[in-house]
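Colleague: I have a structure I would like to understand better, so I am pasting it below and will then ask my questions one at a time.
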Amino acid sequence: MEVRNYETVFILTPVLNESQVQETVEKFTQVLKENSADIINTEAWGLKKLAYPIQKKSTGYYFLVEFTGSGNIVDTLELAFRRDERIIRFLTTVLDKHAVAYGERRRKGEMNQQKAKQSEAVAQ
1041 MEVRNYETVF ILTPVLNESQ VQETVEKFTQ VLKENSADII NTEAWGLKKL AYPIQKKSTG
1101 YYFLVEFTGS GNIVDTLELA FRRDERIIRF LTTVLDKHAV AYGERRRKGE MNQQKAKQSE
1161 AVAQ
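Each residue of the sequence shown is one higher than the one before, starting from 1041 at the first, in my numbering.
Here it is, written out as structure tokens:
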């Protein structure tokens, strides 16, 4: 099968402590590794307010995982998400070449550097 780039954002319930959150994230990265996916990047966005209540909760821990793998990896990962009661929501998307390039630039910090240069130019 063709190897593609994917991005998954998932939200964990806010009632977990820090060790439970890390354990849950490790569980899903292990699912990816067991199914021969290469994890490119993981980001913890932290505890954020939800746009609307989900399961009577108004906040959740947000996480982003970027990985490469074949198409059946997404089905396996999403099945694991559905079986875990700690997951409130999840979304997996396929990244095109432009999104992959944007993700690389964002990880290197180029996006913030451009904003800083623009604000310096405006200040002068």
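All C-beta atoms, glycine included, are put in the ideal place defined by N, C-alpha and C. Note that the coordinates shown come from a computational prediction; the quantities given were computed from them, not determined experimentally.
By the three-class DSSP mapping on this structure, what secondary structure does residue 1056 have?
Modeller: Three-state DSSP puts residue 1056 in coil, outside helix and strand.
Colleague: Count Cβ pairs between the segment 1137-1151 and the segment 1052-1068 that sit closer than 8 Å; are there 3 or more?
Modeller: Touching, no, given that fewer than three Cβ pairs across the two stretches are closer than 8 Å.
Colleague: What residue range is occupied by the uninterrupted alpha helix (DSSP H) comprising residue 1144?
Modeller: It spans 1137-1148 - the alpha helix (DSSP H) in which residue 1144 sits, taken as one unbroken run.
Colleague: Do the CB positions of residue 1064 and residue 1130 come within less than 8 Å of each other?
Modeller: No; because the gap between Cβ atoms is not below 8 Å, this pair is not in contact.
Colleague: When we look at the beta-carbon of residue 1101 and count the other beta-carbons within 10 Å, is it buried (16 or more) or exposed?
Modeller: Buried, by the Cβ-count rule.
Colleague: Between 1132, 1089, 1051, which lies nearest to residue 1117 when the distance is taken from Cα to Cα?
Modeller: Closest option to residue 1117, Cα to Cα, is 1132.
Colleague: Grab me the residues of residue 1107's own chain with a C-beta within less than 7 Å of its C-beta, minus the 5 sequence neighbours each way, in chain order.
Modeller: Same-chain partners within the cutoff: 1046, 1072, 1077, 1078, 1079, 1080.
Colleague: For the alpha helix (DSSP H) containing residue 1084, name the first residue and the last one.
Modeller: Residue 1084 -> not in any alpha helix (DSSP H); beta strand (DSSP E) instead, spanning 1078-1094.
Colleague: Rounding to the nearest angstrom, what Cα-Cα distance links residue 1062 and residue 1099 in this structure?
Modeller: Residue 1062 and residue 1099: Cα-Cα distance of roughly 17 Å.
Colleague: Count the other CB atoms, across all protein chains shown, that sit within 10 Å of the CB of residue 1109; report buried if there are 16 or more and exposed otherwise.
Modeller: Buried, by the Cβ-count rule.
Colleague: Is DSSP giving residue 1129 helix, strand or coil here?
Modeller: Looking at residue 1129 - three-state DSSP - the assignment turns out to be strand.
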